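Colleague: Residue 206 is where the sequence shown ends in this note's numbering, and the numbering goes up by one at each step.
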Amino acid sequence: MKDEKKRGRPRGFDAKAALGKARDVFWDRGFAAASLDNLSAATNLNRPSLYGAFGDKEALYLDALEAYRQDGMAVLAEALDPSLPLRDNLARVYAAALAIYLHGETAARGCLLIGTATAEAVEHERVRAVLGRSLNDFDGEIEKRMRLAVESGELPESANPQMLARLASAVMHSLAVRARAGDSREVLEAIARSGVELICGSLHG
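#1: Does the region 104 to 124 come within contact of the region 44 to 58, defined as at least 3 CB pairs closer than 8 Å?
#2: Report buried or exposed for ALA92, applying the criterion of at least 16 other Cβ atoms within 10 angstroms of its Cβ.
#3: Go to VAL76, then tell me how far its alpha helix (DSSP H) extends in each direction, as first and last residue.
#4: My assumption, with CB atoms under 8 Å, is that ASN90 sits in contact with ARG167. Please give the rounded CB distance.
#5: On a CA-only basis, which of ILE200, ARG179, ARG194, LEU77 is nearest PRO157? Give me that one, please.
#6: Considering only the beta carbon of each residue, do ALA177 and GLY111 sit closer than 8 Å?
#7: Note down the Cα distance separating ARG48 from ALA19, rounded to an integer number of angstroms.
#8: In terms of alpha-carbon separation, which member of LEU63, ALA96, GLU67, LEU66 lies closest to GLU79?
#9: For MET2, which residues from the same chain have a beta carbon less than 8 Å from its beta carbon, with the 5 sequence-adjacent residues on both sides left out?
#10: Which value, in whole angstroms, describes the spacing of the CA atoms of ALA130 and GLU67?
#11: What did DSSP end up calling VAL197 once you bin it into helix, strand or coil?
#12: Measure the C-alpha to C-alpha separation of ARG8 and THR44 and round it to an integer number of angstroms.
#13: According to DSSP, is PHE55 helix, strand or coil?
#14: Within the same chain, show all residues whose beta-carbon is closer than 8 Å to that of ALA33, passing over the 5 residues directly before and after it, in chain order.
#15: For MET173, count neighbouring Cβ atoms within 10 angstroms of its own Cβ and tell me buried if that reaches 16, exposed if not.
#16: Considering only residues of the same chain and omitting the five flanking positions on each side of GLY183, which have a CB-CB separation below 6 Å?
#17: Give me the residue from PHE139, LEU63, GLY154 with the minimum Cα distance to SER170.
#18: Grab the span of the alpha helix (DSSP H) containing THR117 for me, first residue to last.
#19: For ARG70, which residues of its own chain have a beta-carbon under 6 Å away from its beta-carbon, when the five flanking residues on both sides are left out?
#20: Could you tell me the distance, in whole angstroms, from the CA atom of GLY206 to the CA atom of GLU198?
#21: Rounded to whole angstroms, what's the CA-CA distance from ALA98 to GLU155? Just pull it up for me.
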């Protein structure tokens, strides 16, 4: 059975690398426009091998989304180091996000989740579930840091950590959309700075 399962795969097959290549196809083209030929060419796997390794196209897309979510959570956790001031945390979150959103071979790609999964969530229940879980996980991590900021006096006791976390996430989503739409780094960085100031500055006004 093992030999049958591996049939057709290139020698030295690297599932993680292949998934990364497939992710890039989905990121650039979106789920619907990414053909099996595109995915096969990018991963260097013929169709039977692609199915054998990842299942159908939706399963491959879901794997790519999940890997992207996990990577994003790791980046977020590092950016939200509680030993740093909240202002620095948010600046680091947005800087890390822009490093991802502005990367692309031909143009800025924005966020894989916001840029592609939102378009598929209505008709694909499993995509909607991954998207919702991802947004909730990101909001939850930021909310934890907001609660610490209230406890430490960085934010006033009247601050609502949940709403501030959602506001911080909303700024990040806006950066993702605007990056994909072609806004310049300078414009995006200005939006990020304004978001930090809105959350950390005006509440002490």
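Ideal Cβ placement from N, Cα and C applies to all residues, glycine included. Keep in mind that this is a model prediction, so the values were computed, not measured.
Modeller: Reading off the structure:
#1: no
#2: buried
#3: 58 to 80
#4: In fact, because the Cβ distance is near 16 Å, the residues do not count as touching under 8 Å.
#5: ILE200
#6: yes
#7: 13 Å
#8: ALA96
#9: Note on MET2: pLDDT 40, under 50, position unreliable in the model; the coordinate value appears next. So the list is empty, once near-sequence residues are dropped.
#10: 11 Å
#11: helix
#12: At ARG8, the pLDDT of 48 sits below 50, so the modelled position is not reliable; the number obtained from the coordinates is stated separately. Taking the straight line from one Cα to the other gives about 15 Å.
#13: helix
#14: ALA120, GLU121
#15: buried
#16: none
#17: PHE139
#18: THR117 -> no alpha helix (DSSP H), and no H or E assigned at all.
#19: SER135
#20: Per-residue confidence for GLY206 stands at a pLDDT of 48, beneath the threshold of 50, marking its modelled position as unreliable; the derived number appears in the next sentence. The straight-line gap from Cα to Cα measures roughly 11 Å.
#21: 23 Å
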